[in-house]
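A.B. asks: Here's a structure for you.
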Amino acid sequence: MEKYIIKGGAELKGEVTIGGAKNAALGILAASIMTDEDVLVENIPDVNDINVMLEAIEHIGAVVERIGKHTVRINGSTINSCEVDDDFMRRIRASYYFIGSLLGKYKNAKVPLPGGCAIGARPIDQHIKGFEALGASISIRGGYLSTSADRLHCAHIYFDVVTVGATINVMMAACMAEGQTIIENAAREPHIVDVANFLNSMGARIKGAGTDTIRITGVRSLHGTQYAIIPDQIEAGTFMCMAAACRGDILIKNVIPKHLESITAKLLEMGNIVYEYDEAVRVIGAPKQRHTDVKTLPYPGFPTDMQPQITVALALAEGASIVTESVFENRFKYVEELIRMGADIRVERNVAVVDGIERFSGASISAPDLRAGAALVIAALQAEGTSVIDGIGYIRRGYENFDKKIAALGGNIENA
13 MEKYIIKGGA ELKGEVTIGG AKNAALGILA ASIMTDEDVL VENIPDVNDI NVMLEAIEHI
73 GAVVERIGKH TVRINGSTIN SCEVDDDFMR RIRASYYFIG SLLGKYKNAK VPLPGGCAIG
133 ARPIDQHIKG FEALGASISI RGGYLSTSAD RLHCAHIYFD VVTVGATINV MMAACMAEGQ
193 TIIENAAREP HIVDVANFLN SMGARIKGAG TDTIRITGVR SLHGTQYAII PDQIEAGTFM
253 CMAAACRGDI LIKNVIPKHL ESITAKLLEM GNIVYEYDEA VRVIGAPKQR HTDVKTLPYP
313 GFPTDMQPQI TVALALAEGA SIVTESVFEN RFKYVEELIR MGADIRVERN VAVVDGIERF
373 SGASISAPDL RAGAALVIAA LQAEGTSVID GIGYIRRGYE NFDKKIAALG GNIENA
């Protein structure tokens with residue numbers, strides 16, 4: 013098993029360039045098979061989740077041509093199966109996006125049911141509610157969800173909870189339904205807007221993405237396109253928290269500053285310096301930082317995917333901070349590893365009370381999930397002594413060249 017060996021205390025200073033948004037890319041790649049024409053997708057991150065998604069697309073018969081590390085050409089005209097193999101769902105949960113894309117194009121899909129994951133359950137009841145409203149029949153047998161329809165018709169759908177996955181999935185299917193579908197209480201995350209913009213570039217008619225009401229007028233077919241994915245909000249936020257926790261000075265390039273406002277606001281509350289430019293942010297970590305409270309919420313609130321990283325920064329701030337996780341029930345598993353490094357954190361259900369310490373101590377620790385793994389790397393970079401982090405396969409699911417980018421900033425990190 014590969015590990016990171018990190019010697020803490022090095023000054024982090026310099027520039028880092030952010031890659032394409034993984035969460036946007038997953039939805040966009042699933043949607044790319046909804047036309048029989050060529051689709052060229054640029055700025056895809058070269059991370060494990062994306063590579064598995066491309067394998068799944070090939071497995072159902074589409075043509076996938078890698079043009080460099082960050083560009084892919086896909087042609088869905090050769091698809092010969094509407095069934096996604098269970099192996100892909102075990103490796104990447106986002107393969108459930110094939111339900112929406114295959115149902116929209118072929119009016120038929122069979123996809124394994126997603127199970128739980130390290131950070132908690134991700135139910136698909138709202139996905140099912142949306143597909144049934146569009147006229148699809150649903151059956152669940154042998155761990156698979158099968159859905160089919162003679163035709164898809166428009167519907168007025170109100171999600172009971174704000175859900176990114178269901179918003180993207182139902183939006184894809186509704187693109188090729190008859191009439192105008194309205195989705196209310198829709199999620200507003202930047203990657204939902206990106207998926208909608210991608211579908212519109214293929215000839216879809218989607219309005220309102222980025223608000224809580226999305227209107228979709230169905231079309232008979234979609235056409236090929238060339239599209240570049242937005243920068244990754246979470247990768248950018250991770251380096252922002254890294255600069256704060258390590259008292260560094262990092263210019264983070266290729267970002268959309270507006271997508272980072274909730275993160276910027278908390279770092280400023282803590283006393284850090286943040287400069288915003290057109291396509292970059294610079295974070296200078298203050299020598300002494302103040303406590304603050306954080307509650308994860310759907311966009312434009314503070315992202316759940318940034319909760320572990322900001323908690324590491326708060327663990328080094330003066331005073332007591334409260335971190336409330338309102339999205340996933342098991343997102344504090346990494347706290348046990350931080351406590352091994354000397355953190356003073358108490359967790360009760362979905363709330364963590366974080367009392368600041370001056371410095372972490374190096375330790376042998378394990379990454380329990382993707383974002384927690386990145387947070388533990390931040391802690392190790394600040395720690396006194398050497399840390400060994402295993403489970404880095406999680407980190408590679410969502411961060412491209414993470415160790416190399418950190419080393420370029422001056423971090424002492426090795427991949428062993």
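Take the position in the sequence shown, starting the count at 1, then add 12; the result is the number in the numbering used here. Glycine included, each C-beta is placed from N, C-alpha and C at the ideal position.
1) Write down the C-beta distance between Gly21 and Glu288 rounded to the nearest angstrom, noting that I regard them as a contact closer than 8 angstroms.
2) Taking the DSSP output, what are the residues bridged to Tyr156?
3) Is it buried or exposed, Glu23, if we count other Cβ atoms within 10 angstroms and call 16 or more buried?
4) Could you tell me which residues DSSP pairs with Arg227 in its beta bridges?
5) Helix, strand or coil for Pro57? Go by DSSP, reduced to three states.
6) By the three-class DSSP mapping on this structure, what secondary structure does Pro4 have?
7) I'd like to check one pair, Ile204 with Thr179: are the Cβ atoms closer than 7 angstroms?
8) If I measure Cβ to Cβ from Thr193 and keep anything under 6 angstroms in the same chain, skipping five residues before and after, which residues do I get?
9) What is the DSSP secondary structure of Leu52, reduced to helix, strand or coil?
10) Jot down the residue ranges of each uninterrupted alpha helix (DSSP H) in the region 327-369, minimum 4 residues, whole runs only, in chain order.
11) Here's a check: name, in chain order, each residue in its chain whose Cβ is nearer than 8 angstroms to the Cβ of Arg408, leaving out the five neighbours to either side.
12) From the DSSP output, in three-state form, read off Ala148 for me.
13) Just curious, the alpha helix (DSSP H) that Thr276 is in, first and last residue?
14) Since Gly249 and Ile275 should fall inside the 8 angstroms C-beta cutoff, what is the C-beta to C-beta distance between them, to a whole number of angstroms?
15) At 4 residues or longer, and completely inside the region 49-120: list those alpha helix (DSSP H) runs for me, N to C.
16) Which residues in the same chain have their Cβ closer than 6 angstroms to the Cβ of Arg200, if we skip the five residues on either side of it in sequence?
17) If you scan the region 233-263 from start to end, which runs of the beta strand (DSSP E) of 3 or more residues do you find wholly inside it?
18) Between the alpha carbons of Ile131 and Thr316, how many angstroms are there, rounded?
19) Let me know if Ile262 comes out buried or exposed under the rule of 16 or more other beta-carbons within 10 Å of its beta-carbon.
20) Cβ atoms of Ile226 and Ile195: under 7 angstroms apart, would you say?
21) With a CB to CB cut of under 7 angstroms and the five nearest residues on each side skipped, what residues in its chain are close to Gln138?
C.D. replies: Walking through what the data contain:
1) As a first step, residue 21 must be located in the sequence shown, where it is residue number 9. As a first step, residue 288 must be located in the sequence shown, where it is residue number 276. Going by Cβ atoms, the distance from Gly21 to Glu288 rounds to 29 angstroms, so no, they are not a contact pair.
2) Along the sequence shown, one-based indexing puts residue 156 at 144. Answer is Pro124, Arg153.
3) Indexing the sequence shown from 1 puts residue 23 at position 11. By the neighbour-count definition (other C-beta atoms within 10 Å, threshold 16), Glu23 is an exposed residue.
4) Here the question's residue 227 lines up with position 215 in the sequence shown. Partner(s): Ile194, Lys219.
5) Your numbering for residue 57 matches position 45 in the sequence shown. DSSP places Pro57 in coil when its eight states are reduced to three.
6) This structure cannot speak to residue 4, because the chain is shown only from 13 to 428.
7) For this step, residue 179 is matched to residue 167 along the sequence shown. For this step, residue 204 is matched to residue 192 along the sequence shown. Contact: yes.
8) Start at 1 with the first residue of the sequence shown, and residue 193 comes out as number 181. Closer than 6 angstroms at Cβ, skipping near neighbours: Cys166, Ala167, Ala186, Ile228.
9) Here residue 52 refers to the residue found at position 40 of the sequence shown. Here Leu52 sits in strand by DSSP.
10) With a minimum length of 4 residues, the unbroken runs of alpha helix (DSSP H) contained wholly in the region 327-369 fall at 347-352.
11) On the sequence shown, residue 408 is found 396 positions in, with the first residue counted as 1. Val59, Asn60, Phe414.
12) Translated into positions along the sequence shown, residue 148 becomes position 136. Secondary structure at Ala148: coil, using DSSP grouped into helix, strand and coil.
13) Reading the sequence shown from its first residue, position 264 is the one you call residue 276. Thr276 -> alpha helix (DSSP H) spans 273-281.
14) If you number the sequence shown from 1, residue 249 lands on position 237. If you number the sequence shown from 1, residue 275 lands on position 263. The pair is a contact, with the Cβ atoms about 5 angstroms apart (cut-off 8 angstroms).
15) 60-71, 98-103, 109-118, all fully within the region 49-120.
16) What you label residue 200 is simply residue 188 of the sequence shown in a count that begins at 1. Close CB contacts of Arg200 within its chain, under the 6 angstroms cut and outside five residues either way in sequence, are with Gly222, Tyr311 (chain order).
17) Those beta strand (DSSP E) runs which fall completely within the region 233-263 and span 3+ residues are 237-240.
18) Mapped onto the sequence shown, residue 131 falls at position 119. Mapped onto the sequence shown, residue 316 falls at position 304. Because the pLDDT at Ile131 is just 46, under 50, the model does not fix this residue reliably, and the point stays unresolved.
19) On the sequence shown, residue 262 is found 250 positions in, with the first residue counted as 1. Of the other Cβ atoms in all chains shown, 16 or more fall within 10 Å of the Cβ of Ile262; this residue is therefore buried.
20) Numbered from 1 along the sequence shown, position 183 holds the residue referred to as residue 195. Numbered from 1 along the sequence shown, position 214 holds the residue referred to as residue 226. Annotated as proximal: Ile195 and Ile226, with beta-carbon spacing under 7 angstroms.
21) For the purposes of this step, residue 138 is taken as residue 126 along the sequence shown, with counting starting at 1. Excluding the 5 residues flanking it on each side, Gln138 has same chain C-beta neighbours closer than 7 angstroms at Phe171, Asp172, Val173, Thr175, Ala178, in chain order.
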